[in-house]
Amino acid sequence: MTKNWPDNQLPVIARFEVRYRNYLAPDGAITRPPPAFASDIGLLVSLYRAMVLVRAFDLKAVALQRTGRLGTYAVSLGQEAVAVGVASAMRDEDVLLPSYRDNAAMIWRGVKLEEILLFWGGDERGNHSSGPVHDFPCCVPVGSQAPHAAGVAYAFKLRREPRVAVCLFGDGATSKGDVFEAMNFAGVHKLPVVFVITNNQWAISVPLRLQTASETLAQKAIAAGFIGEQVDGNDAVAMHAAATEAIAAARDGRGPRLIEAVTYRLGDHTTADDAARYRPPEEVQARWKDEPIGRLRAYLVGRNAWDKAKEEQLVAECQTRIAAAVERYLATGPRAPETMFDHLYATLPPVYAAQRRDVEENH
Ligand SMILES: Cc1ncc(C[n+]2csc(CCOP(=O)(O)OP(=O)(O)O)c2C)c(N)n1
Ligand SMILES: [Mg+2]
Numbered sequence: 001m002t003k004n005w006p007d008n009q010l011p012v013i014a015r016f017e018v019r020y021r022n023y024l025a026p027d028g029a030i031t032r033p034p035p036a037f038a039s040d041i042g043l044l045v046s047l048y049r050a051m052v053l054v055r056a057f058d059l060k061a062v063a064l065q066r067t068g069r070l071g072t073y074a075v076s077l078g079q080e081a082v083a084v085g086v087a088s089a090m091r092d093e094d095v096l097l098p099s100y101r102d103n104a105a106m107i108w109r110g111v112k113l114e115e116i117l118l119f120w121g122g123d124e125r126g127n128h129s130s131g132p133v134h135d136f137p138c139c140v141p142v143g144s145q146a147p148h149a150a151g152v153a154y155a156f157k158l159r160r161e162p163r164v165a166v167c168l169f170g171d172g173a174t175s176k177g178d179v180f181e182a183m184n185f186a187g188v189h190k191l192p193v194v195f196v197i198t199n200n201q202w203a204i205s206v207p208l209r210l211q212t213a214s215e216t217l218a219q220k221a222i223a224a225g226f227i228g229e230q231v232d233g234n235d236a237v238a239m240h241a242a243a244t245e246a247i248a249a250a251r252d253g254r255g256p257r258l259i260e261a262v263t264y265r266l267g268d269h270t271t272a273d274d275a276a277r278y279r280p281p282e283e284v285q286a287r288w289k290d291e292p293i294g295r296l297r298a299y300l301v302g303r304n305a306w307d308k309a310k311e312e313q314l315v316a317e318c319q320t321r322i323a324a325a326v327e328r329y330l331a332t333g334p335r336a337p338e339t340m341f342d343h344l345y346a347t348l349p350p351v352y353a354a355q356r357r358d359v360e361e362n363h
């Protein structure tokens, strides 16, 4: 009989830890002293305004889809603090690589509401946006923005530019080879890239427990040789703080970082989904108490920085801005069909050039 060796006597050669960041409780109370920037109430108000805007915009986009005036659309209901917290920590010259659910980050960086509507209305002109020209368009293939981000960061390193690639993707994307390959490469080459996982607990109908057996998603960074931190993704202050630190570290040549933003997808996956078919409405209801907008509002009200009149004014401003964007979107005429050939190649191969001519002349 084999002797049962006491393996637990073997020496431990490595230990790892994952830290968790939170400053605001769901009721807006402070859980630990917030970082210095939190005394800049103007900044916190701007984070709040950006979250309120995107939530109202999402509602309108869904209404447009339901009335046949927009294609499939993905709301970010409940997870607004992630994209806003991250985008607000970036510099203009950094590069954003967002997923399809990160409109709030794109809007923060200057993409116009009507451009987002154009894109989801099936018009490629929406991707020729007013955001920084070096930012990437939102990525619909799950996780493929991660290797792009590693490539962008590799270019920054080679050119010795103090810029950072910031890449957002979902919990589901962490099961993709692309994501781990990108993190591995970024770790080896100490690239200036920050990966942000928006862990909203769901990948369409797949819950997190079927996505991974890992205790956290943040710890996936450890295998790639860099720091992974878990953050309360419903706390805009924590998101801004975590992103600021991670981006500064990447810019200073200290290599990549991973942020796991823990939040919850309060809405359907997209307008093509009915989440009630795979998750109990009571689960969703229970998560509303954690949502990020009410939390930051409560904090601001507690500091006398927000009140009912300001809220009413903000809601009215958002409605006016959204209505004007919708008007511009709906007034945009369709493109000529032959333009579908225009943006895939720098120089159109002859076979497509012929097809383009055919479409132009006969349709
Ligand atoms: C490569 C690829 N595979 C599958 C899909 C279909 N798909 C779209 S979203 C999605 C789930 C993604 O979940 P997650 O990464 O958690 O992001 P979330 O939608 O929750 O923001 C899947 C499988 C896709 N878009 N791309
Ligand atoms: Mg998800």
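Heads up, the sequence shown is in UniProt numbering, so the first residue is 1 and it goes up one at a time.
Think of the CB as a built atom: it goes at the ideal place given N, C-alpha and C, for glycine as much as any other residue.
Could you please give the first and the last residue of the uninterrupted alpha helix (DSSP H) stretch that includes residue i?
i	result
residue 140	That residue, residue 140, is in no alpha helix (DSSP H); it is neither H nor E in DSSP.
residue 54	41–66
By how many angstroms is the C-alpha of residue j removed from the C-alpha of residue i?
i	j	result
residue 273	residue 93	36 Å
residue 79	residue 291	7 Å
residue 157	residue 151	10 Å
residue 293	residue 52	7 Å
residue 314	residue 55	12 Å
residue 243	residue 347	39 Å
residue 73	residue 65	7 Å
residue 327	residue 333	12 Å
residue 32	residue 231	13 Å
residue 136	residue 11	47 Å
residue 207	residue 173	13 Å
residue 200	residue 357	46 Å
residue 227	residue 98	21 Å
residue 106	residue 114	12 Å
residue 127	residue 287	33 Å
residue 7	residue 122	59 Å
Take residue i as the anchor and find which of the options has the nearest alpha-carbon.
i	options	result
residue 147	187, 111 and 119	187
residue 323	44, 63 and 36	63
residue 76	263, 305, 333 and 329	263
residue 104	46, 228, 353 and 30	46
residue 167	85, 178, 161 and 196	196
residue 125	335, 269, 163 and 15	335
residue 42	357, 176, 307 and 300	300
residue 251	192, 214 and 275	192
Hey, quick one: how far does the beta strand (DSSP E) through residue i stretch, first residue to last?
i	result
residue 370	Residue coverage of the chain in this structure runs from 1 to 363, which leaves residue 370 outside it and unanswerable.
residue 320	Unbroken run through residue 320 is the alpha helix (DSSP H), 308–331; no beta strand (DSSP E).
residue 278	From DSSP, residue 278 is part of no beta strand (DSSP E); its letter is neither H nor E.
residue 165	165–170
residue 230	227–232
residue 196	193–199
residue 95	95–97
Assuming residue i and residue j are in contact, meaning their beta carbons sit under 8 Å apart, how far apart are those beta carbons, in whole angstroms?
i	j	result
residue 61	residue 120	7 Å
residue 247	residue 89	5 Å
residue 131	residue 169	No, residue 131 and residue 169 are not in contact; Cβ-Cβ is about 18 Å, not under 8 Å.
residue 175	residue 145	Actually they do not touch by this definition, with Cβ atoms about 15 Å apart.
Quick check on the contact list: which residues have their beta carbon closer than 7 Å to a heavy atom of ligand 2?
170, 171, 172, 198, 199, 200, 201, 202, 203 and 265
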